Amino acid sequence: MFIYEITNGLDTFQIQREELDGIYYMKLMDLFNIAKDTNKSALVTGYYYQGDEKVSDSQEISLADMQALPQDYLKPFIEKLQTLLK
């Protein structure tokens, strides 16, 4: 999981296909709400590759769907990130 401010859209990223199958984005407030268990899910939008074909995709995901760090790490991380953004 990476946090990055997108200014020109996901199509500007050149992903390494050996490393990633796709890339998605989520609004930062949605991440905060999922991490704090205020919301159970959030919309992510992006694309993935199926063979050589780039497939656009949007879906609702929960914290369990993300291959993220454990909740006991994520919550303090989110709190620190919110402090930095103030």
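All residue numbers for the sequence shown refer to the numbering used here, where the first residue is 163 and numbers rise by one. Note that beta-carbon positions come from the ideal geometry of N, C-alpha and C, so glycine has one too. What you are looking at is a predicted structure, and each value in this text was computed from that prediction instead of being measured.
Give the DSSP-derived three-state secondary structure of residue 200 in the structure shown.
coil
Worksheet item: Which residue comes first and which comes last in the beta strand (DSSP E) that contains residue 221?
Response: Counting along the chain, residue 221 sits inside the beta strand (DSSP E) bounded by residues 215-223.
Status (buried if at least 16 other CB within 10 Å, exposed otherwise) for residue 226
With fewer than 16 other Cβ atoms within 10 Å, it is exposed.
CA-CA distance, residue 186 and residue 245? 24 Å
Start-to-end residues for the beta strand (DSSP E) that takes in residue 185
DSSP places residue 185 inside the beta strand (DSSP E), whose first and last residues are 184-187.
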